[in-house]
Structures are given as C-alpha cells and as structure tokens.
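Below is one structure, written out as structure tokens, with a few remarks after it.
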Amino acid sequence: MFPYYEFSNGCRAPPWRQIQGEICYVLVKPHDAETLCITCSKEGVFLNGGKTDDEEEINYERKGEIYKDLVTLLREKSAKFSENMSQQEGRFNEEQQKEKDQPNEAPEEEAAALRKASTASRRSALEKKQISLGRSQMTKRLEPSLNWKTTVDAEENKSSLRDTQEEKHGGRLEKSRPSASPGRAQLLRKSAEKIEEIISESSSESEEDEEPPDHLQEANADLPSEYWQIQKLVKYLKGGNQTATVIALCSMKDFNLAQETCQLAIRDVGGLEVLINLLETDEVKCKIGSLKILKEISHNPQIRRNIVDLGGLPVMVNILDSPHKSLKCLAAETIANVAKFRRAWRAVRRHGGITKLVALLDCRQPSAEPAQPGLHEARDGEVARCGALALWSCSKSCANKEAIRRAGGIPLLARLLKTSREDMLIPVVATLQECASEENYRAAIKAERIIENLVKNLSSENKQLQEHCAMAICQCAEDEETRDLVRLRGGLRPLASLLSNTDNKERLAAVTGAVWKCSISKENVTKFREYKAIEALVGLLTDQPEEVLVNAVGALGECCQEPEGRVTVRKRGGLQPLVDLLVGTNRALLVNVTKAVGACAVEPESMMIIDHLDGVRLLWSLLKNPHPDVKASAAWALCPCIQNAKDAGEMVRSFVGGLELVVNLLKSDNKEVLASVCAAITNIAKDQENLAVITDHGVVPLLSKLANTNNDKLRRHLAEAISRCCMWGRNRVAFGKHKAVAPLVRNLKSNDTSVHRATAQALYQLSEDADNCVTMHEKGAVKVLLTSSVVQSQLCQCGLGRNLSDVKVLLKGVFEHTKLPTCCITAGCK
Amino acid sequence: MNRKKLQKLTDSLTKNCKHFNKFEVKCLINLFYNLVGDVTERQGVVVGLDRNAFRNILHMTFGMTDDMIMDRVFRGFDKDNDGYITVSEWVYGLSVFLRGTLEEKMKYCFAVFDLNGDGFISKEEMFHMLKNSLLKQPSEEDPDEGIKDLVEITLRKMDHDHDGKLSFADYERAVREETLLLEAFGPCLPDPKVTALRAQGRDQHVMQELQPRTSWSGKWSDDSRSPTENSC
C-alpha cells in the first residue's frame, strides 16, 4: 500500500488515477514468488509496472491480465497461496452463504472493509505470507465488485436522499419527513452511519443529524470540463508562489462554487487539503482567497464534513485572532457555514473558538487601526456580524450555548441588539433564540433587558428578523415574568397584528408560537382579546401548515380558559375547525386540540355544538392513540364534555365499547393518563347506569391497585373516582376487599390539601362499610387525621378519635371542614 | 540642513501629501536624510537614494524579494527618472505605498506591472513577471508551459475586452471585483503582515514600522534572497 493520502471517497489512488477507476495499490509478498505490486481498480485487480526507482512512485501501466479479485490473482501467481486457499475454501463457502442470507449487512461490512484498507491490506500482506490469514477479513476483501454494485444503488437513491437533505437545510423545520421509500432510504442511511462511525473516531456525541458521506465517485461518469480546469488551478495552488496562488484562487472563485459539480471537483482533485494548508501560511492574501472559496463551497454538506475531517476548523479558529478584520470576518463566516453538525460544533468549542467568536462581538475595542483602513479591511460592525453568524451556527449545541454564556456572550449580544442594522440583528436574535432554550439564558435575557429590544424588532420591516424575534419571545415566554415583560413593553400588539399576515409560514409559525406562550398569562389573554387576536387565531385553523396549527390551537386552548375567549371562539365559528382537527395524526397538534376542545366544552352552549359535531366521539377515540400525552389530554377534555352534555349518560353509553376502553386505560403506567382517566371516570360514574357498566368491567380492583401511588395529582383524582364509585352496589365492600382503604389512609399524609379533601371524601364514603372502618382505625386514620393540617386543634378540643363510631363522625367532620372553612367539626362532634 | 529649511520643507511636503500629517512627514524627512547619509546639499548635485540603497530598504523593511518588481518599484518612486529618489519623491512615493487609496494604488501597481510603459500589460510582460512563480515544475512538461497556462488563466480572468492584453480599464475592473488582484503579478506593496505590525506600533513613532521583516515562513520559505547579491 502506498502512503497515499486516503481521499474522502475512500480511494487511495491519486486523483488522476482515480479517473481511470483505480482505487488503491497493494504490495504482496507471497511465500514462493517475488513481491507483487498490484493495482486494485474498478475493473478488477492486475499487476502494474511495480515500483519505480523513485521511492514514492509506481509505474501505473498494466503489466498483466485483469483478474476479478485479489485472491484469483494471487492463486495464479503463487502455488503455495492457491494450495492454502483451497483448504480454506470449505469454510469460506459457508461464510458466503451466510452473507447471501443477509444481503443488507454485506454492503456495510464491505464498505467498512474498504475504508480499513490501509491497515488491513498492509497487515494481510504480511499474513498472507504465513497463510494464517484473518479469514473474516479476507472474505470481506474478496468481493470488491459487490461494493461497486452498492455504490450504484447508492447513486440511484442519492437523488431522493439529497432531496430530503435539502429540505432539511433549506427549510428551517428540522423535522425529517418520511421519504417515498422509507425502508430503502433508511437502509442506506443506516449503512452510511456505520461507515461514518469508522471514519470519525468514536465520538461521545451522536451524529444522527449528519449526512451520509458519498462513496467513490462514479469514475466512469463524464467529467465536466470544470473538473479539468479546477484540477489545473489546484496544481497552481500546490506549486505556485504567492502571486501564482492568488491568481489561481481568484480564478477558482470565478467558477460557480454554488454548484455541486465544482464543489466536489475541488475536493476530488485534492483542493481542500491545499486550501486548508494555505490557511496555515502567513500570507494574508492567500488566506483571504482561500477562505473566500471555502466559504462558498462549505454550503455543501459533504464538503463541510471533509473540511472538518481535514482539521480545517482549528485553523480557522486560529485565524479569528488575526489582526486583519477581513480575515476574521471570512473565517467566522466560513465557520458559520461549516459548523452545522455535532462534530464540528465540538471541534470549534474544543479549540477555543467560542471564546474567540464571542470576542468578535465586542466592537467597542479601542480602535488601533489606521485612519485609512487598509485595502483588505472591513468595518468593525462587519466583524461582529460575522461573529454572530458563526455563533448562530454553533449555538445549536447545548455545550456551546453554555460556552457562549460563560464567555460573556449574553451582554455583548444584548448590546448588539441595540443596533438597527438588520443584517446584524438577524444572527444576533437567532443566536439568542437558539440559546433561550436553556433556563439560565432565559434568566440572563430577562436581566439584560433583551425582551425590550426583541419586542421593538417585532415591528421591523424584515420578515426574517420578525420571525427570529417571535421565536425568541416564544422560547423566553415559558417564564411568567417574561410574559409580563412582553406585555408591559407593548409586545402583544405587534404579535397580534402579525397574526393577520399569513404569507410567510415560517414567520407565522414563530408568531403563533409566541402568542401561545404569552397567552399562558391571563392578563395577556385580556390584551389579546382587545387586539382581536382570538378572531385571527380562529382564522388560522384552516389551510395552514402543521407548525402553525399546533401553535395557533395551543394559543386558543389558553384563551378559552376564560369565558370571554370561549364565547369568541364559538361566535367566530372556531368549533367546527377545531373538531375537524381531532382526526389529525400530529401528536403535538392533537394534544393542543384536545385541550382547546376541552376548554370550550366548559361552556354549555359550545358543548352543544361540539356534541352536534360529534366531537365527543372523536375525543373518545383519541383514547386509543398510542401516545400517552394525547390519551391524557383527550381524557381531560372528556371531563367537561360529560359534565356539560345534555343527557350525558345516554351519550356515553352510545359509544360502543367506550366504557370498557376507559376502564382498561387504568392499566396504563403513565401517571398523567391515570389521573386524567380517573377524572373521566368520576364524571362517567355520575350516571348510575354507566357506573354499573364500569363496575362490571372491573373498575374497582383497577382503582384499588392505583391507591399505592405517591403522585398527588393522581391521588386526588383517584380519591374522587373512588368516592364516586362507592355509590354503586357493593362497591364499598369491594374496595375494602381489594385493599384500597389502607393506602388511602396513607394518602392523608400528603401535603396537598386538595388530596386531603378528596381522600377524606372517599374515606367518608367507604366508611359506610363497617369493615372499612375497622381498617381505617387499624391504619390509624384517626391519628393521621388528628395530626393532619388545619383540623388538628379543633379535633383535640372535641376529644374525638377514641372509638370506632367516632371515625365516621370524624371523617364527616373533616370533610365538612375542608369544604367549609368555618368550623363544622363541633357540629359533628355533638 | 538648518532648522528653518527643514521646517519649510516639511510644510510644503505636508501640504502636498494627504496621507501623512506634519509629524509623520518630518519623521520621514529625517529618516530620508539618515538613509542618504550626511551629504551637504550643493547646487547641481542631486541628493537622493540610488537604486541599490532603495532596493535594500524595500527588501529589509517591506520584505520584497523579487528583483524585477523592486526595480519597477524604484521606477515608480523615481518620478523624474533620474536614477535618484529625492526627498519629495520619497515622501510622495511612501504616501501611496503605505497609505494610498485603492485608486492611487491601482495606478501605482499598474505602472509597476507595465514594464515598457506603453499603457498595457502584454502577455510577454505577464510571462516575464510570472516566470518564477511556479516553484515545482512537473518534470515531464515544458517548464514554460505552466507559466503560459497561468498567463492564459490570468487573461481569462482580467482581460475583459479580449484583446489579449490588459489595459488599465481591464485591470481596474478586475481589481474592483476582487481586491486580491491588485498585486496580481507580484508583491509591489508592503506586505500586509508588516502593515499589521505597523498598525500596532503606529502611535509611538512612524518609522518604527520600518523594522526588518521576519523571514519568509510557510510555503515559500526558500524564496528570499538578498537583493544586493544580484546586480541589476
């Protein structure tokens, strides 16, 4: 194997030989023959002219027949090898059979093997001498041809893959969409990831968002004329002095570097190495020229990966220290383009790039530049802008967010936010928006009075800026104080007015997101009502992308917590589209829609409409949704529906299998689902007939089993459900039998008064049965109640809790007491 | 030279020079006389830097290495073409050389590159200037072939009117598109590295900038030769 650099396409042959289809060169010393110098190419393997006198070169001319693989060739050349191979044959066939059985695995292994070629082949050259060859390794290397087949497959699929990639990069929505042939694409992606793991040294951070590197370029494809021209220019870059290099760089810049052919051509002729190498010289002009090219071609995901592989990032990070502003700018811009995946983010961070980039933001530095700025110089503001661009790219990683904060980036970003330059504001706001996902950033954003400026820029003319501002507000508005700040700074009006502008979907999604988060505060809802935002939101319920729908419905869900909001939604005809959305599949959307429908159902008039639209049945069928949060949200929404529906019992019974479904949900292991289902059961059980049905479905043992929980929300709704279910037949006794009483008594120790109240109510119901009273007494219900919360002193005064009959009175007293704060216990006592 | 005369000279030069302030001009004048040596000014004898002395400065201070380009720079400074750079040529030349606007520098560089002064940079001139620009010749090729190709590439890039030579208009347009092409045929302005050093030490003394350049590092480390070794 020649010490050739391994190109990113896996080939080790020099570029001008790759064009001939050659992959790599192997030296083999068989036991009984001269050293063989072998070329491995697409066509097969053959002997070449051997090493020339010049140590590093070989004579590439073909000197023998082409064999289909290395083994055939070696068998032909070495009798000893042939003999030993026939011994291995038997086992080898087995292996092949196995590989045929798992056709999907094979290509992965082979691609991996090919990449390992350097060490493997050198080792195997030795091993072959002793014929103790690592057999598995051999088998993989036996069939280079198969690998080519997969490459062709990859080529076919590449277009579809690339489409999805472009979607990912073009649109801001990072969600991957199911591709047309998911199975196949997935398979490809999977194999690509496998290879990925091998080239990039094992990394702690996963790389799932990276693009698969392409395999060997189709050597037979017609190479465009650009390829040759670029190859020539790269030659000048390699062998020219500063002047020639600059000319070559300027000339290379004239190619359409946005075009993939040119980008890949530069890489394939070894241009990337040279360009990165140029960055390490101290020739400012060469560095500038090189960065100008790298900046353009790094828009290509594959090139980005190659740049990182070649160690380009540390070099660029170093350039950030340069006294030349234009160099700093270009380096930062290139980093902004390259740092789009984890390994790159990590590389920037590890080499101190974040600190340096943050330092670029500080444009108040004492100006030491000449009065007449140099030819290659840029303005300070430009430096800060490029720094912000790079930080924007890097801030997609959590560790980098933290690094930016620690480097003191937030105050600097806050200061830059005061400018009015849009091209500056966009990366600054976008960085803040990315970072605002972190709790301590939100605190800092509050402290630095950033919200004020975000609100101001909402009224900007620039759509992208508005979008990022709205996104940032959306992120920050998780915090109540921030929501108030947005209102106080007058941010709600621009948000509301942006709702009516529906052309730009990305921005609309961001704006509705901000409205949603802001509307969690009641005061904000009042304002939104004033600005007619609810009407606008209702208008957004149809013909919008899902991102917008999720947020808009979420906002309506919050607005409908108030009676005025519900009325507006009903009057504006929002119920129909809401109910229509219940049939969707988007999980986030379903959670929000169910919540909004539930909020509307609180109003009897709306409930009538929902019932009329068959909304209850749709909600009910969402209980079958695989996602627990959808189930829970649907169950919560059902509660007000059952409460407010006319003839609710009849309605519930009309859902075939509905009650059984609800009871079975009690087997879930999600606390939220359980709590919501308990709440639904409480409502269902108000109808005697339904209570009878769910009792038949075994609600009592299921509820009893849940009593051992420590989740206060579940405890409360469970207790309520139990006390409702006690109203039927011998359920009280059944609860006792299923050991529900003792844990319920324990629940009285909870710190939540609503749990106390509900539990006391349940115990009161259960205490109708004497056996339960005994249990309660044994488990020290009296004692617990005595020590629990407010009632303690009064109880002591009354001298209660000494005998069995007191338990009932006591419970009744507690129940009454917690319901009516005025002391009724004395009454119970008498 | 007496104080009064120096004062007068400084004033007049400052007036004609927009890139240096009075203090800087004074320093440059002092430096000039230091470099020239203590020659008393007499009628009819030109006081000035000759070609070799000037080339030495270019090499030592600004890191220029190309003999031919240095020669051309000398001609660029020596406006009256008498073989000596006088004090006013010195100050004026340096003002473009160090602080010139893009326009001034373009004019200056074009003049440097236009070897025969006919207003065009011809293919031959380019070839002449670029002939040493490729260090490693591919052995099998005609060594001039690469240079010829490079000239063709340059023409394709810069010759907008396709007449096979560069007029000032061609050159200006190309440079405005890409400033890197200002010194397309060889470094004839101070190296930006040196400029950066100067920018840092600027307030102390204007001539601190004129420090010897550190040796070439990186790609072209073997490229530097002392100009004094080669006669012109």
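If you're matching them up, the sequences are chains A and B in order. Positions 1 to 830 (the UniProt record's numbering) are the ones given, in order, by the first sequence. Positions 1 to 232 (the UniProt record's numbering) are the ones given, in order, by the second sequence. Each residue gets a CB set at the ideal place from its N, CA and C atoms; glycine is no exception.
Handout entry: Where residue 840/A falls: helix, strand or coil (DSSP)
Key = Any question about residue 840/A goes unanswered here, given that chain A covers just 1 to 830.
Exercise for the section: Check the Cβ-Cβ distances between residue 59/A and every residue of chain B, and say whether any is below 8 Å. Expected result: By this cut-off, residue 59/A is not an interface position.
Practice task
Below 8 Å CB to CB, which residues in the same chain sit around residue 736/A once its five sequence neighbours on both sides are set aside?
Solution key: Taken in chain order, the residues that qualify are 766, 769, 771, 772 and 775.
Handout entry: Sub-8 Å separation of residue 574/A and residue 541/A beta-carbons
Key = Using a Cβ distance threshold of 8 Å, residue 574/A and residue 541/A count as a contacting pair.
Exercise for the section: May I ask you to verify whether the stretch 595-607 of chain A touches the stretch 632-643 of chain A, counting CB pairs closer than 8 Å and requiring at least 3? Expected result: Yes, since at least three Cβ pairs between the stretch 595-607 of chain A and the stretch 632-643 of chain A fall closer than 8 Å, the two stretches touch.
Practice task
Please report how far the alpha carbon of residue 718/A lies from the alpha carbon of residue 405/A, in whole angstroms.
Solution key: Cα-Cα distance, rounded: 45 Å.
Practice task
Pair every Cβ in the stretch 446-461 of chain A with every Cβ in the stretch 469-476 of chain A, then say whether three or more of these pairs are closer than 8 Å.
Solution key: By the Cβ criterion, the stretch 446-461 of chain A is in contact with the stretch 469-476 of chain A, since at least three pairs of Cβ atoms, one from each stretch, lie closer than 8 Å.
Practice task
Ignoring anything shorter than 3 residues or poking outside the stretch 283-309 of chain A, list the beta strand (DSSP E) runs there in chain order.
Solution key: The qualifying runs do not exist here; there are none.
Practice task
Compare the C-beta of residue 232/A with all C-beta atoms of chain B and state if any pair is closer than 8 Å.
Solution key: Residue 232/A counts as touching chain B.
Problem - Inter-residue Cα distance where the pair is residue 11/B and residue 92/B - result: Looking at the backbone, the Cα of residue 11/B and that of residue 92/B are separated by about 14 Å.
Handout entry: Cβ pair count under 8 Å reaching 3, the stretch 479-491 of chain A against the stretch 518-535 of chain A
Key = Three or more beta-carbon pairs separated by less than 8 Å link the stretch 479-491 of chain A to the stretch 518-535 of chain A, which places the two stretches in contact.
Exercise for the section: Return no unless some Cβ of chain B is closer than 8 Å to the Cβ of residue 15/A. Expected result: At a cut-off of 8 Å between beta carbons, residue 15/A makes no contact with chain B.
Exercise for the section: Starting from residue 759/A, follow its DSSP beta bridges and name the residues at the other end. Expected result: None, per the DSSP bridge assignment.
Problem - Residue from 547/A, 555/A and 549/A whose Cα sits closest to the Cα of residue 534/A - result: Of 547/A, 555/A and 549/A, the smallest CA-CA separation from residue 534/A is found for 555/A.
Practice task
Please state whether DSSP places residue 12/A in a helix, a strand or coil.
Solution key: The DSSP-derived three-state label of residue 12/A is coil.
Exercise for the section: In the DSSP assignment, find the unbroken beta strand (DSSP E) run with residue 46/A in it and report its ends. Expected result: Membership of residue 46/A in the beta strand (DSSP E) is indicated by the continuous run 45-51.
Problem - Residues of the stretch 244-270 of chain A whose Cβ lies closer than 9 Å to any Cβ of chain B, in chain order - result: Listed in chain order, the positions of the stretch 244-270 of chain A with a beta carbon within less than 9 Å of a beta carbon of chain B are 244, 245, 246, 247, 248, 249, 250, 251, 253 and 254.
Practice task
For chain A, find out if any of its Cβ atoms is closer than 8 Å to the Cβ of residue 185/B; answer yes or no.
Solution key: Flagged as an interface residue toward chain A: residue 185/B, by a C-beta distance shorter than 8 Å.
Exercise for the section: May I ask you to list the residues that DSSP assigns as paired with residue 62/A? Expected result: Its beta-bridge partners are 48/A.
Handout entry: Assigned exposure category for residue 143/B - 16 Cβ within 10 Å defines buried
Key = Its Cβ having fewer than 16 others within 10 Å, residue 143/B is exposed.
Practice task
Quick one: list the residues of chain B neighbouring residue 289/A, beta-carbon separation under 8 Å, in chain order.
Solution key: Ordered by position in chain B, the residues that pass the 8 Å Cβ test against residue 289/A are 180.
Exercise for the section: Enumerate in chain order the residues of its own chain whose CB-to-CB distance from residue 269/B is below 8 Å, with the five nearest sequence positions on each side excluded. Expected result: Beyond the ends of chain B as shown, which are 1 and 232, falls residue 269/B; an answer cannot be given.
Problem - Three-pair Cβ contact test at 8 Å for the stretch 183-192 of chain B versus the stretch 110-122 of chain B - result: Yes, they touch.
Problem - residue 366/A versus residue 380/A: straight-line alpha-carbon distance, rounded - result: With a pLDDT of 45 at residue 366/A, under the threshold of 50, the modelled position of this residue cannot be trusted, and the question is left open.
Practice task
Just the C-alpha distance for residue 583/A and residue 611/A, rounded to the nearest angstrom, thanks.
Solution key: So the alpha carbons of these two residues sit roughly 15 Å apart.
Problem - Continuous alpha helix (DSSP H) assignments of at least 4 residues falling wholly in the stretch 61-119 of chain B - result: Here the runs fully enclosed are 67-77, 87-99 and 102-113.
Exercise for the section: For residue 396/A, return the contacting residues in chain B, with the cut-off set at a CB-CB distance below 7 Å. Expected result: In chain B, no part has a C-beta under 7 Å from the C-beta of residue 396/A; the shortest such distance is about 33 Å.
Practice task
Answer yes or no: does any C-beta atom of chain A fall closer than 8 Å to that of residue 150/B?
Solution key: At least one chain A Cβ lies under 8 Å of residue 150/B.
Exercise for the section: Note down, in chain order, each residue of its chain lying with its Cβ closer than 7 Å to the Cβ of residue 413/A, except the 5 sequence neighbours on either side. Expected result: So the list reads 361, 428, 431 and 432, once near-sequence residues are dropped.
Exercise for the section: Name the one or two DSSP bridge partners that residue 725/A has. Expected result: Beta-bridge pairing links residue 725/A to no other residue.
Exercise for the section: Kindly list the residues whose CB is nearer than 6 Å to the CB of residue 609/A, restricted to its own chain and excluding five residues on each side of it in sequence; keep chain order. Expected result: If we look at residue 609/A and ignore the five residues flanking it on each side, its Cβ neighbours are 575.
Exercise for the section: Decide if residue 124/A is buried, meaning its Cβ has at least 16 other Cβ atoms within 10 Å, or exposed. Expected result: Residue placement at residue 124/A is poorly supported in this model, since its pLDDT is 45, which falls under 50; the coordinates still yield a value, given next. A residue is called buried when at least 16 other Cβ atoms come within 10 angstroms of its Cβ; residue 124/A meets this threshold and is buried.
Practice task
Kindly indicate which three-state DSSP category residue 614/A falls into: helix, strand or coil?
Solution key: DSSP, read as helix, strand or coil, puts residue 614/A in coil.
Exercise for the section: Please report how far the alpha carbon of residue 256/A lies from the alpha carbon of residue 19/B, in whole angstroms. Expected result: For residue 256/A and residue 19/B, the distance between alpha carbons rounds to 39 Å.
Exercise for the section: Classify residue 447/A as buried or exposed, calling it buried when 16 or more other Cβ atoms lie within 10 Å of its own Cβ. Expected result: It is exposed - the Cβ of residue 447/A has fewer than 16 other Cβ atoms within 10 Å.
Exercise for the section: For residue 325/A, return the contacting residues in chain B, with the cut-off set at a CB-CB distance below 7 Å. Expected result: Residues of chain B whose Cβ lies closer than 7 Å to the Cβ of residue 325/A do not exist, since the nearest Cβ in that chain is about 10 Å away.
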